[in-house]
Ligand SMILES: NC(=O)c1ccc[n+]([C@@H]2O[C@H](COP(=O)([O-])OP(=O)(O)OC[C@H]3O[C@@H](n4cnc5c(N)ncnc54)[C@H](OP(=O)(O)O)[C@@H]3O)[C@@H](O)[C@H]2O)c1
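Residue numbers (my numbering): 1 to 266.
Dropping the structure here:
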């Protein structure tokens with residue numbers, strides 16, 4: 001696969017690393033206006049680093065646009081006349097709809113939207129993917145690329161904003177939960193470093209239990225709650241203090257905010 005990343009910033013670099021470290025491309029072109037921060041990729045033999053987006057399009061089949069939403073229209077317009085049947089256009093720009101992209105490049109292109117999260121940089125992203133009707137034939141290809149760096153799910157485009165809250169902002173929400181558990185573990189007697197290790201690996205274990213046993217959180221909770229025991233006492237106190245409600249309301253607030261931001265930007 002000949003892959004170009006147009007706009008190799010934070011996300012683009014994580015993508016490039018993930019693809020190159022798993023031998024996922026026969027060649028890669030990485031673009032950016034100021035290329036000094038991506039020179040490290042020269043050590044991979046099959047990588048071209050350039051400021052020339054048009055060259056990247058000419059030399060590649062899969063084009064991943066990882067630029068800021070406000071930059072996408074200008075850059076797509078710059079390369080539009082070079083797009084051919086072989087090209088698959090993948091955009092990670094938050095809030096830029098398929099209709100918005102089709103207005104620039106037309107509906108007769110393979111168009112994919114992808115919403116990864118920052119865990120892409122450690123190969124553990126939850127990436128949501130949708131496409132235009134023509135792009136459906138290339139969704140499996142897009143999944144194969146992003147699954148080199150984690151897990152993927154194909155969703156309807158109208159759920160893309162919600163996916164941004166659950167998965168991209170979700171990283172921040174889970175970090176706060178891990179921090180709170182760490183603070184509590186310190187109060188219970190552990191050193192800060194030990195406390196974080198306990199919190200992180202317990203969190204990973206809980207997620208792995210659900211992934212590997214394909215069970216429901218309440219089924220796993222039932223296994224650790226003895227009648228009149230300490231776990232149910234702690235859980236019920238957390239619920240009295242509004243834990244589930246706070247999370248649900250916070251995510252609803254994030255969703256309202258992202259919907260307003262998108263309306264203002266595009
Ligand atoms: N970071 C994440 O985890 C994440 C998750 C989901 C979605 N997203 C979305 O992915 C996109 C990228 O996010 P990011 O965090 O990687 O942003 P970023 O770090 O700002 O990267 C964007 C890159 O685009 C480059 N760029 C700007 N104009 C360009 C041009 N004309 N030609 C070529 N390159 C150009 C910029 O570098 P120069 O200024 O040097 O050109 C910059 O490094 C955003 O739309 C964001 O909403 C990000």
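Using N, Cα and C, we set each Cβ at its ideal position, and we do this for glycine too.
query: At least three beta-carbon pairs within less than 8 Å, the segment 183 to 199 to the segment 149 to 161; result: no
query: DSSP three-state assignment for residue 114, whether helix, strand or coil; result: strand
query: Distance cut-off 7 Å: residue 257 Cβ against heavy atoms of ligand 1; result: no
query: Cβ-Cβ distance between residue 63 and residue 87 below 8 Å; result: yes
query: Cut-off 7 Å between Cβ atoms - residues of its own chain near residue 128, not counting five sequence neighbours on either side; result: 115, 153, 155, 160, 163, 167
query: Any non-hydrogen atom of ligand 1 within 7 Å of residue 18 CB; result: no
query: Minimum C-alpha distance to residue 49 - residue among 19, 8, 82; result: 8
query: Contact test: residue 71 Cβ vs ligand 1 heavy atom, cutoff 7 Å; result: yes
query: Assigned exposure category for residue 257 - 16 Cβ within 10 Å defines buried; result: exposed
query: For residue 16 and residue 121, the rounded distance between their alpha carbons; result: 10 Å
query: Distance, residue 251 Cα to residue 97 Cα; result: 21 Å
query: Chain-order list of residues whose beta-carbon lies under 7 Å from that of residue 142 (same chain, five-residue window excluded); result: 90, 112, 114, 129
query: Alpha-carbon to alpha-carbon, residue 175 and residue 83; result: 41 Å
query: Residue 30 in three-state terms, based on DSSP; result: strand
query: Which of helix, strand or coil DSSP assigns to residue 224; result: helix
query: Member of 46, 33, 206, 139 whose CA lies at the smallest distance from the CA of residue 75; result: 33
query: Residue of 165, 213, 192 minimising C-alpha distance to residue 253; result: 165
query: Burial state of residue 67, where buried means 16 or more other Cβ atoms lie within 10 Å; result: buried
query: Residue 89: first and last residue of the uninterrupted beta strand (DSSP E) it sits in; result: 88 to 91
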